[in-house]
């Protein structure tokens, strides 16, 4: 199985900051990576697929980068509404696997 | 509007069985790939299964002997039958659509239900 690692588990930043959330795969997944945002008590929401393609309706301050085993989600100009947990997910091979999540706290 | 509504979650004793439902509106489930994903309290997401348009289903290895997915096309509803439940199956269970519009989207969950809580405890 491909393991997805997200660290740190919690990240604190101020409104307007540029935040980068890393994600590492245990083996190369090319660019088969998606990012989800989950607010407390809610379902995950798709933000980015294929590493860097923005899902329709997602604000342009979200962007994704990387390839192979190293990936990142960047929020440019953090907003209070971005307070949430962010999960990466690989879909290169079964079983599809998620990272453990990074919680972003907005000061 | 796309909507997925899970139901059937409950408090159940270890060893018991439970069937979850996912009623879908806004698209036809047998023309789409459908998945179950679960999330233990305070934990991350775990993919459970994917059902393809042909009806074949793939499961994560650790659950394939106890969990079975079915669908009722006339009700546009997906089901998850869970047997021999264990404490570690305690989780919120989400159903989700897997995008199949393009090959680079197969494996991406683009629509989710709100989830239903299963608690396995004596």
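Chains as they are written, first to last, in the numbering used here: chain A, 1 to 107; chain B, 108 to 229.
All residues carry an ideal CB built from backbone N, CA and C; glycine is no exception.
Give a yes or no on whether 8 Å exceeds the smallest Cβ distance from residue i to chain A.
i                      : result
residue 108 of chain B : no
residue 175 of chain B : no
residue 149 of chain B : no
residue 217 of chain B : yes
residue 222 of chain B : yes
residue 116 of chain B : no
residue 211 of chain B : yes
residue 185 of chain B : no
By Cβ distance, which residues of its chain are closer than 8 Å to residue i, with the 5 residues on each side in sequence left out?
i                      : result
residue 160 of chain B : 137, 138, 139, 140, 207
residue 13 of chain A  : 19, 78, 104, 105, 106, 107
residue 121 of chain B : 192, 193, 194, 227, 228, 229
residue 167 of chain B : 153, 154, 155, 156
Taking residue i and residue j to be in contact with their CB atoms under 8 Å, please state how far apart those CB atoms are, rounded to whole angstroms.
i                      : j                      : result
residue 145 of chain B : residue 200 of chain B : 5 Å
residue 25 of chain A  : residue 91 of chain A  : With 8 Å as the limit, residue 25 of chain A and residue 91 of chain A do not qualify as a contact, their Cβ atoms being about 11 Å apart.
residue 215 of chain B : residue 49 of chain A  : 5 Å
residue 81 of chain A  : residue 38 of chain A  : So it is not a contact: roughly 13 Å between Cβ atoms.
residue 66 of chain A  : residue 51 of chain A  : 6 Å
Only counting the same chain, and skipping five residues up and downstream in sequence, which positions put a Cβ closer than 6 Å to that of residue i?
i                      : result
residue 130 of chain B : 112, 184
residue 123 of chain B : 192
Give a yes or no on whether the minimum CB-CB distance between residue i and chain B is below 8 Å.
i                      : result
residue 11 of chain A  : no
residue 96 of chain A  : yes
residue 50 of chain A  : yes
residue 100 of chain A : yes
residue 46 of chain A  : yes
residue 35 of chain A  : no
The ligand FAD heavy atoms versus the CB of residue i: any closer than 7 Å?
i                      : result
residue 220 of chain B : Judged by which ligands are present, the structure shown has none, so any question about the ligand FAD falls away.
Who are the Cβ neighbours of residue i in its own chain at under 7 Å, not counting the five residues just before and after it?
i                      : result
residue 55 of chain A  : 46, 47, 48, 49
residue 173 of chain B : 189, 190, 191
Chain A contacts from the segment 159-170 of chain B (Cβ-Cβ distance under 8 Å): 165, 167, 168
Would you list, in chain order, the members of the segment 118-142 of chain B that have their beta-carbon closer than 9 Å to a beta-carbon of chain A? Along the segment 118-142 of chain B, the positions whose C-beta sits under 9 Å from a C-beta of chain A are 142, read in chain order.
Going along the chain, which residues of the segment 65-89 of chain A sit with their C-beta nearer than 8 Å to a C-beta in chain B? Cβ proximity to chain B below 8 Å picks out 87, 89 from the segment 65-89 of chain A.
Which parts of the segment 155-196 of chain B are runs of the beta strand (DSSP E), unbroken and 3 residues or longer, counting only runs that do not cross its ends? 164-166, 174-179, 184-189
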